[in-house]
Each structure stands twice: as C-alpha cells, then as structure tokens.
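Asker:
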Amino acid sequence: MSVDDVINTSSYSMLTSKYWMCQEKEPAGPSPRTGHDVFFGMIDDPDERTLIFASEQEPEGFPGDGYGPLTAFRIRTSRPFAAPGFLAALCAAIAATESSVLVMSTFTFDYIFVRQERSELAREALEGRGLRVESP
360 MSVDDVINTS SYSMLTSKYW MCQEKEPAGP SPRTGHDVFF GMIDDPDERT LIFASEQEPE
420 GFPGDGYGPL TAFRIRTSRP FAAPGFLAAL CAAIAATESS VLVMSTFTFD YIFVRQERSE
480 LAREALEGRG LRVESP
C-alpha cells in the first residue's frame, strides 16, 4: 500500500482545546504532577523537559519558555507502523503553508500541533493531501 493510499484511508479530528507547550531547562527532580487543567504529554530528557497542557489560559509558574496557544490534530492512520513516510507527508503539506509543527505520537495516534492562528491553513493542507475528517 502506498503512502497516498494510507493517507486516503486515514482520518483526523481537530481537537477543541487550546494547548500550550512549556519548556523546563535543566529539570531537577522527578516529573511534575501539576494542577493545570489537563496534562496532555511530556518528553523528559537529560537536557530539558517539555510539557504540553490543554488549558484555556497559558500555564503559569514554569521557569522556562512557553509557546502557544496551539491547536491539535489527532491523526488516526489506517496502517499503524506500516506506512513509512505517512507522517512526513502530512507535515510537509502543513510546512508548505509556512506553518511550524510539533509532533507527538502514541501507540494509536499521531498528534500534530500548530499555532492556533494557523490551524485553518493546516486543516486545509491535511484535507488537500487527502486526509479525511473523522466521523463523530
């Protein structure tokens, strides 16, 4: 199955929350438990900790840099782990709109985050590439 075939048989949904990415440089101690609305994801490595929150307001109290608001697209591939170039093709379509992306993947879904003010361009790019809107 080609990448185009996988894209044409996959779907996405645009999540309704606002998302924020926060960076904690030189993290000390264990991963945080926060009081923010929703702790969406975290990448923790020896040099930095990146946290993603779903929140109407920018999270406060982080010593590093913050970035947002972001819109998240949840991508459901029809062929998980069997479509080399799938995510690269979707990101390239969004990049053609001069939008930057942040990507996180789980076992089941890929999440593509873009600046909220560029979300409509990203949506059009995904659909233009052949990805269909997920039925409710």
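Under the numbering used here, the residue at position 106 of the sequence shown is numbered 465, and the numbers go up by one with no gaps.
The beta carbon of each residue, even a glycine, is placed where N, CA and C say it ideally should be.
This structure is a prediction, so every number in the text was calculated from the model and none was measured.
How would you write the range of the beta strand (DSSP E) that Val460 sits in, first residue to last?
Answerer: Translated into positions along the sequence shown, residue 460 becomes position 101. Unbroken run through Val460: none, as it is neither H nor E.
Asker: Which residue comes first and which comes last in the alpha helix (DSSP H) that contains Gly489?
Answerer: Looking up residue 489 in the sequence shown gives position 130. Counting along the chain, Gly489 falls outside any alpha helix (DSSP H), and DSSP gives it neither H nor E.
Asker: Compute the distance between the beta-carbons of Ser437 and Ser369, then report whether it is under 8 Å.
Answerer: Translated into positions along the sequence shown, residue 437 becomes position 78. Translated into positions along the sequence shown, residue 369 becomes position 10. Contact: yes.
Asker: What did DSSP end up calling Ala454 once you bin it into helix, strand or coil?
Answerer: By one-based count along the sequence shown, residue 454 stands at place 95. Three-state DSSP puts Ala454 in a helix.
Asker: Reducing DSSP to helix, strand and coil, say where Gln475 ends up.
Answerer: The sequence position of residue 475 within the sequence shown is 116, counting from 1. It is helical.
Asker: Find the nearest neighbour of Glu419 within the set Phe445, Asp404 and Gln382, judged by alpha-carbon distance.
Answerer: Stepping through the sequence shown from its first residue, residue 419 is reached at position 60. Per the Cα distances, Gln382.
Asker: Could you say if the segment 411-418 and the segment 453-460 meet the contact criterion of at least three C-beta pairs nearer than 8 Å?
Answerer: They do not touch, by the three-pair rule.
Asker: Terminal residues of the continuous alpha helix (DSSP H) containing Asp404?
Answerer: Along the sequence shown, read from residue 1 onward, the residue named residue 404 stands at position 45. Premise fails: Asp404 is in no alpha helix (DSSP H) and is neither H nor E.
Asker: Starting from Thr430, trace the beta strand (DSSP E) both ways and give me its first and last residue.
Answerer: For this step, residue 430 is matched to residue 71 along the sequence shown. Its beta strand (DSSP E) spans residues Gly425 to Arg435.
Asker: So is Tyr378 buried or exposed if we call it buried at 16+ other beta carbons inside 10 Å?
Answerer: Numbered from its first residue, the sequence shown carries residue 378 at position 19. Per the 10 Å Cβ criterion, buried.
Asker: Do Leu446 and Val462 have their C-beta atoms within less than 8 Å of each other?
Answerer: Here residue 446 refers to the residue found at position 87 of the sequence shown. Here residue 462 refers to the residue found at position 103 of the sequence shown. Going by C-beta atoms, Leu446 is nearer than 8 Å to Val462.
Asker: Residues in its own chain within less than 7 Å of Gly489 by CB, not counting five upstream and five downstream?
Answerer: One-based indexing of the sequence shown puts residue 489 at position 130. These residues qualify, in order along the chain: Asp363, Ile366 and Asn367.
Asker: Grouping DSSP H, G and I as helix and E and B as strand, with all else coil, what is Phe468?
Answerer: To locate residue 468, count along the sequence shown from 1; it is residue 109. Phe468: coil per DSSP, three-state reduction.
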